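Residues in the sequence shown are numbered consecutively from 170, following my numbering.
Beta carbons are placed, not taken as given, at the ideal position from N, Cα and C, and that holds for glycine.
A quick note: this is a predicted structure, and the numbers were derived from the prediction, not measured.
The structure appears right after this line, and notes come after that.
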Amino acid sequence: MSEHVSTVVQIRRASLEDAEAIASVLYESFAEHESSYTPEGFALTVSTPEQVRDRLKAEHVWVALVGEGIVGTVGATPKGEALYVRSMAVLPASRGCRVGHRLMECVEEFAVSEGFKRMFLSTMPFLTRAIKLYERCGFRRSPEGPHDLRGTPLFTMVKQVRAMHKIERLSEEQARPMLPQLAALLQDAVHSGSSVGFLPPLTFETAEGYWLETLNEVAQGKRILLVSSEAGDVTGAVQLALVAKQNGLHRAEVQKLLVNTRFRQRGIARALMGAAEESARASGRTLLVLDTEQGSVAEKLYEKCGYARAGVIPQYALNADRSLISTVVFYKLL
């Protein structure tokens, strides 16, 4: 599969039903190198569906999808303050579409959101394509072992997780002292041109009133609030509006993804989206929906986060200059 702008790659957590597909991806990905392994080493590199199911019960595993088919996978296991990355594989036919890069980004977002200090992985010297990917993702070779896998040469690569910001799910009581900063965050977003339901100029009082209503819904369990901060300063936030209808209890809407303009281009927005997805799963929500201004930076972000486009609604909202703009509706199955 050659790289093409229309290729949409979605990343989600793996389920037990994915075991056979994951086992197939692992085998097809490493089969071309089988002669470079010892038989024992190759058997430990690939897995049977039963072994994959055991891993899914004990590890964090993600899959990459193009359309309905699983084309890649990666796993991660906590090791103290470090996160061990393993079994990163992409089908040969799907290489060149940044599937591996997207999977590695997903693992790093998880490492950041969970507070891990470093990530490490083991790879073989003959897996040159994978090594180049790991290097592009910031991993560097380390002298630490192990140095072989049942007779197959092996070496370790490490990456420090430099997360200066932390992301927390806040209760109404925890968020209330941050009210002035949250109001300022919303003002910053609106005055920098973000389409988030308000038009400039946005007064502090209006912004504060919005957050008071939001915190009331957080207290009632209708909404989840996630806030990123650095050294005590609020750097961003995102919300999940939990659908309360009986036939929609599996669904939530992502709302108000905000990052202060002083802290953009640091991966905070992606980390907030990753944390929102983790919170959605923990709350039993398996479908997320959202909408954003067509042609905006946010539209590209959501595509990179694996959200699928459901369609475009023309003349949906007013822009800062009072012209009508279209909105793109996205969804993601978790």
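Exercise. Between which two residues does the beta strand (DSSP E) carrying Ala280 extend?
Worked result: Not the beta strand (DSSP E): Ala280 falls in the alpha helix (DSSP H), residues 268-283.
For this session: Work out the CA separation of Cys266 and Lys501 for me, nearest whole Å.
Result: 19 Å
Exercise. Distance, Cα to Cα, Pro208 vs Val194?
Worked result: 19 Å
Exercise. If you compare alpha carbons, which of Gly320, His334, Asn429, Phe324 is closest to Glu285?
Worked result: The sequence shown places Phe at residue 285, not Glu. Cα-wise, what sits closest to Phe285 is His334.
Exercise. For the putative contact between Gly405 and Phe432, defined by C-beta atoms under 8 Å, what is the C-beta separation to the nearest angstrom?
Worked result: Between Gly405 and Phe432 the beta-carbon gap is near 7 Å, inside 8 Å, which marks them as a contact.
Exercise. What separation, rounded to the nearest whole angstrom, lies between the Cα atoms of Ser398 and Ser282?
Worked result: 12 Å
Exercise. Quick one, which of Pro322, Gly314, Glu304 has its alpha-carbon nearest Phe295's?
Worked result: Relative to the Cα of Phe295, the nearest Cα in the group Pro322, Gly314, Glu304 belongs to Pro322.
For this session: Kindly indicate the opening and closing residues of the alpha helix (DSSP H) around Gly210.
Result: The continuous alpha helix (DSSP H) containing Gly210 extends over residues 208-214.
Problem set entry | Segment contact flag, the stretch 232-251 with the stretch 264-279, C-beta cutoff 8 Å, min 3 pairs | yes
For this session: Quick one: give me the first and last residue of the alpha helix (DSSP H) that Leu302 is part of.
Result: 297-305
Exercise. Taking Cβ positions, are Leu427 and Ala353 nearer each other than 8 Å?
Worked result: no
Problem set entry | Proximal residues to Ala486 (C-beta, below 7 Å), its chain only, five neighbours per side dropped | Ser364, Ile494, Thr496
Exercise. Touching or not, the stretch 339-347 and the stretch 374-387, by the rule of three or more beta carbon pairs under 8 Å?
Worked result: yes
Exercise. Gln415 by DSSP, collapsed to three states: which one?
Worked result: helix
Problem set entry | Within 8 Å, strictly: CB atoms of Ala376 and Gln356 | yes
Problem set entry | Cross-strand partners of His229 (DSSP beta bridge) | Ala245
Exercise. Alpha carbon to alpha carbon, how far is Gln391 from Ala451?
Worked result: One detail in the question is off: residue 391 reads as Lys in this sequence, not Gln. Going from the Cα of Lys391 to the Cα of Ala451 covers about 15 Å.
Exercise. For Ser175, does the count of other Cβ atoms within 10 angstroms reach 16, so buried, or fall short, so exposed?
Worked result: Any reading at Ser175 must be qualified, since the residue scores a pLDDT of 48, below 50, and its modelled position is unreliable; the value itself is stated next. Its Cβ having fewer than 16 others within 10 Å, Ser175 is exposed.
Problem set entry | Arg491 versus Trp380 - alpha carbon distance | 24 Å
Exercise. Just the Cα atoms here: how many angstroms apart are Phe499 and Thr242?
Worked result: 23 Å
Exercise. Can Thr292 and Ser361 be called in contact, C-beta distance under 8 Å?
Worked result: no
Exercise. If you follow the alpha helix (DSSP H) that Thr375 is part of, which residue opens it and which one closes it?
Worked result: 373-388
Exercise. What residues in its chain sit with their C-beta under 8 Å from that of Leu147, if we drop five residues either side in the sequence?
Worked result: With the chain running from 170 to 503 in the structure shown, residue 147 is simply not present.
Problem set entry | Cut-off 8 Å between Cβ atoms - residues of its own chain near Thr461, not counting five sequence neighbours on either side | Ser364, Ala467, Glu468, Tyr471, Thr496, Val497, Phe499
Exercise. For Pro261, which option in Gly244, Glu201, Glu446 has the closest C-alpha, if you only look at C-alpha atoms?
Worked result: Glu201
Exercise. Are Ala258 and Ser198 closer than 8 Å when you measure CB to CB?
Worked result: yes
Exercise. Which partner residues of Ile494 appear in the DSSP bridge assignment?
Worked result: Checking the DSSP bridge columns, you'll see Ile494 partnered with Ala486.
Exercise. What residue from Glu374, Gly366, Val327 has the CA that sits closest to Leu348's CA?
Worked result: If we check each option's Cα against that of Leu348, Glu374 comes out closest.
Exercise. Phe289 and Thr325: beta carbons closer than 8 Å?
Worked result: yes
For this session: Would you decide whether Pro312 is buried or exposed? Buried here means 16 or more other CB atoms lie within 10 Å of its CB.
Result: exposed
Problem set entry | Residue from Leu394, Asn488, Glu189, Tyr253 whose Cα sits closest to the Cα of Pro315 | Tyr253
For this session: Determine the direct distance from the alpha carbon of Pro346 to that of Gly464, and round the result to whole angstroms.
Result: Approximately 35 Å between the Cα atoms of the pair.
Exercise. Taking the beta strand (DSSP E) that Met347 falls in, what are its first and last residues?
Worked result: Note, Met347: premise wrong, no beta strand (DSSP E); not H, not E.
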